[in-house]
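Trainee: One structure, as structure tokens, below. Some questions next.
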Amino acid sequence: MVSGEHHLEDVSQAYKLYITICILIVVLFVTTALRVWSRLYHSGVFTADDGLIVLGTCFNIIADGMELFAIKKGFGRHAKFVDKISLILALKYTQLGVLMAALAIWSIKVSVCFFLLGLLRDVHRRFRLFIWILMAFTTVLAFIGLLLWGLQAHPLERLWDPRVKGTRGSSQDFLTVVYIFYAFNLFTDIVYSLTPIWFLWNVQISKRKKRAIWVLMSSALLLTVAVTMCIIFAPQFLETEDITWALIPEFIADW
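Below, the structure written as structure tokens:
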């Protein structure tokens, strides 16, 4: 039982997530558009890393749209004030939004690998092999995370709709999956952020390329901080009786 439930008011804190999402949509669209324009204007070439960045941006915007729809259906309000159908839709689109966001993160990380392959085409083979291994490792971890997410309920609709006949893991099981998913992300973010030290120390390339690698890969430190915040807020997933209210801080950190 949610503490103080009898004294709850029908208010919403969804505006916090709404503002965060709107800002990120603008930032994503502008930065991606500028990147594509700059690449086409200066080199006339649209490479694999550009395509993956665009794909990641599309996944992100789809995820944002799903979260905005979930907000419209009551995500951010206390669950007791949300009608049953709206509650199911809110939970459904938050779950699908998480799926799209995970695909976006994978796409962007792999794009970084392709970008590095382009920069390091003239260096020793072992460095390029390391990038390919990092790309494969990132893909495998993303697949495992999504597989764990998809296996929580059978059929999958049972994850957000209690009316559907089937089986579903407990809230504690779900939290375990969340922790595993975040652990995978945290590990890969740390690898991406520490990789520049190795490159800048060992690889003989121009200072301009080294600076580009440093800026790009060190940005993973920001993702590391964000994932750490998500881990801190993750226990809110156990607040199953008022999950539409409790998860707002978690989703703000995740976005």
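Each residue of the sequence shown is one higher than the one before, starting from 1 at the first, in the working numbering.
Glycine is no exception: its CB is placed at the ideal position from the N, C-alpha and C atoms.
It should be emphasised that the depicted structure is a prediction, and the values quoted were computed from it without experimental measurement.
For V110 and L186, which I take to be in contact (beta-carbon distance under 8 Å), what is that distance rounded to the nearest angstrom?
Mentor: Indexing the sequence shown from 1 puts residue 110 at position 110. Indexing the sequence shown from 1 puts residue 186 at position 186. A Cβ-Cβ separation of about 18 Å leaves V110 out of contact with L186 under the 8 Å criterion.
Trainee: Tell whether a beta-carbon distance below 8 Å holds between L134 and F181.
Mentor: The count along the sequence shown starts at 1 and reaches residue 134 at position 134. The count along the sequence shown starts at 1 and reaches residue 181 at position 181. Contact flag unset, no.
Trainee: Under the rule that 16 or more other beta-carbon atoms within 10 Å means buried, what is C230, buried or exposed?
Mentor: One-based indexing of the sequence shown puts residue 230 at position 230. Per the 10 Å Cβ criterion, buried.
Trainee: Check the C-beta distance from I252 over to L103 and give it rounded, since I have them as a contact under 8 Å.
Mentor: Counted from its first residue, the sequence shown places residue 252 at position 252. Counted from its first residue, the sequence shown places residue 103 at position 103. Their Cβ separation, rounded to whole angstroms, is 20 Å, which puts I252 and L103 out of contact at 8 Å.
Trainee: Distance check for T167 and L117, CA to CA, integer angstroms please.
Mentor: Here the question's residue 117 lines up with position 117 in the sequence shown. Here the question's residue 167 lines up with position 167 in the sequence shown. Put simply, the backbone Cα of L117 is about 44 Å away from that of T167.
Trainee: Does the structure place the region 76-93 close enough to the region 149-165 that three or more beta carbon pairs sit under 8 Å?
Mentor: yes
Trainee: Assuming contact is defined by CB atoms lying nearer than 8 Å, are F184 and I144 in contact in what I supplied?
Mentor: Taking the first residue of the sequence shown as 1, we reach residue 184 at position 184. Taking the first residue of the sequence shown as 1, we reach residue 144 at position 144. Yes, these two residues count as a Cβ contact at 8 Å.
Trainee: Restricting to runs no shorter than 4 residues, where is the alpha helix (DSSP H) found entirely within the region 53-137?
Mentor: 84-119
Trainee: Nearest-angstrom Cα distance between V106 and L119?
Mentor: Stepping through the sequence shown from its first residue, residue 106 is reached at position 106. Stepping through the sequence shown from its first residue, residue 119 is reached at position 119. It is Trp, not Val, that sits at residue 106 in the sequence shown. Whole-angstrom Cα-Cα distance: 20 Å.
Trainee: Grab the span of the alpha helix (DSSP H) containing K16 for me, first residue to last.
Mentor: Taking the sequence shown and counting its residues from 1, the one referred to as residue 16 is at position 16. Start and end: 14-42.
Trainee: Quick one: what does DSSP say R163 is sitting in, helix, strand or coil?
Mentor: Counting from one through the sequence shown, the residue named residue 163 turns up at place 163. Looking at R163 - three-state DSSP - the assignment turns out to be coil, as it is neither helix nor strand.
Trainee: Could you name the residues that DSSP lists as bridge partners for A153?
Mentor: Here residue 153 is taken as the residue at index 153 of the sequence shown, counted from 1. Paired residue(s): R168.
Trainee: What residues in its chain sit with their C-beta under 8 Å from that of T224, if we drop five residues either side in the sequence?
Mentor: Taking the sequence shown and counting its residues from 1, one reaches residue 224 at position 224. Excluding sequence neighbours, T224 sits near L186, D189, I190, S193.
Trainee: Going straight from the alpha carbon of P235 to that of I248, what length do you get?
Mentor: Working through the sequence shown from its first residue, we reach residue 235 at position 235. Working through the sequence shown from its first residue, we reach residue 248 at position 248. Between the C-alpha atoms of P235 and I248 there is a straight-line separation of about 12 Å.
Trainee: V112: buried (16+ other C-beta within 10 angstroms of its C-beta) or exposed?
Mentor: Your numbering for residue 112 matches position 112 in the sequence shown. Buried is the call here.
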